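As C-alpha cells, the structure follows; a few thoughts come after it.
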Amino acid sequence: MLKMKKLIKYILITIGVSFVITSCSKKKPSLVYFPDMYYPVAYDPYQEAVVAYGEQSSTVPLFANQDGRTALSPVPGTISQNSDGVLPMDLPNTAEGYEASKLIKISPLNPANRVKDLARGKDLFNKTCAACHGTSGDGQGNIVQSGAYSGVPAYKDRAYITVGSVYYVIEHGRNAMGSYAGQLLPGDRWRVAEYVINEFGVKQTPSENASSQVASSESTTQNNVK
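Offset between the sequence shown (1-based) and our numbering: plus 1.
Encoded structure:
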C-alpha cells in the first residue's frame, strides 16, 4: 500500500513538472524546429528577400545577380498574356470615371487592323455578351427571353454611349451588369466596344437633354482621360 502511494506521488509530480515545462516552452520556446515556418516571411518578388529571424548568412546567387529580387525574367519563348500591348483604361471605378469614359470616342487599337478587330469583336460579343444583349444588340438574348433576367435596353435606345464608355462598363461593370475584365483582355475589350459602336447604331453624340450634363462632367473629368 505504501509503495502504491509513493508510485502515485511520483506520477503526479512527473505530470506536474511536464505541464510546467510544456507551458513555458509554448510561451518562449528555447529551440525552434524549421524556423522558416515558425517565423513566416512575406516575399515581395521585386524586393530583396530578407530572413526574418537572425542574420542572413548567405544569399542565393541567382537572386544576388538581381539585387536580391526573387522575380525572374520570363524564359525565352514565353508568350505575354497581354500580347496586344494595350493597357487597361486608366479611369477610376466611380461615377466620375464613367462620365469621363464617355469622352473617349477613339480606341487605342491600330486602325490598320480595324477589319480584323471588328471580326474578332463580333465573335467575342456573340460568345460573351449576346446571352443578355442579343446578337442584334436589342437586349433580347436567350437569358432575357427565358424570363430569368430582364431590363437589358437595346443599344440603339441608349441616350449616349461611346466606345470608351462601352469599354468602361466591360471592365468595371455597371448597374446590374458585372465586370467582364476576367473574361476579356484589354485589347479584346476594345474590340468588343468597337463592334458594339459600329454594329448597333449607337449614338456617340449626346442628346439635348444630356448635353448640359456632359458639359459639366467634361470640366471635372477631362484631366482624368489619358
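For each residue, glycine too, the CB sits at the ideal point set by N, CA and C. Just so we're clear, the structure is a prediction, and the values are computed from it rather than from any experiment.
In terms of Cβ geometry, Lys123 and Ser166 do not form a close pair [threshold 8 angstroms]. Cβ neighbours of Gly183 within its own chain (closer than 7 angstroms, five residues either side excluded): none. One thing to note: Gly140 has its Cβ no nearer than 8 angstroms to the Cβ of Ala160. Bridge pairing for Arg175: Met178 [DSSP]. The residue from Leu186, Met5, Val170 with its alpha-carbon nearest to that of Ser180 is Val170. In the displayed model, Arg70 falls within a strand according to three-state DSSP. Counting other Cβ atoms within 10 Å of its Cβ, Glu195 reaches 16 or more and is therefore classed as buried. Relative to Ala120, the option among Thr15, Thr206, Val197, Gly17 whose CA is nearest is Val197. Ranked by Cα distance from Pro187, the first of Asn199, Ala177, His173 is His173. Around the beta carbon of Thr206, a 10 Å sphere encloses fewer than 16 other beta carbons of the protein chains shown; the residue is thus reported as exposed. Per the C-alpha coordinates, the member of Met178, Thr163, Thr129 positioned closest to Val153 is Met178. The C-beta of Asp68 has fewer than 16 other C-beta atoms within 10 Å across all chains shown, which makes the residue exposed. In the assembly as shown, Glu97 is an exposed residue. Its beta-carbon has fewer than 16 other beta-carbons within 10 Å. In terms of CA proximity to Val203, Asp158 leads the group Asp158, Trp191, Met5, Tyr168. Annotation for Ser151: Val145 place their beta carbon closer than 7 angstroms to its own, counting only its chain and skipping 5 residues before and after. Residues Gly138, Tyr156, Lys157 of the same chain have their beta carbon placed closer than 7 angstroms to that of Phe201, with the five preceding and five following residues left out of the count. With a 10 Å radius around the Cβ and a threshold of 16 neighbouring Cβ atoms, Val116 comes out exposed.
Rounded to whole angstroms, the separation of the alpha carbons of Ala65 and Ala132 is 52 angstroms.
When the Cα atoms are used, Ser74 and Val87 turn out to be separated by approximately 21 angstroms. Only residues of its own chain outside the window of five on either side were considered, and among them Thr163, Val164, Gly165, Val226 have a CB closer than 7 angstroms to the CB of Ile105, listed in chain order. Put simply, the backbone Cα of Asn176 is about 19 angstroms away from that of Val193.
In the three-state reduction of the DSSP assignment, Gln146 falls in the helix class, which pools H, G and I.
Here Gly142 really is in contact with Gly135; their C-beta atoms are around 4 angstroms apart, less than 8 angstroms.
By the neighbour-count definition (other C-beta atoms within 10 Å, threshold 16), Met5 is an exposed residue.
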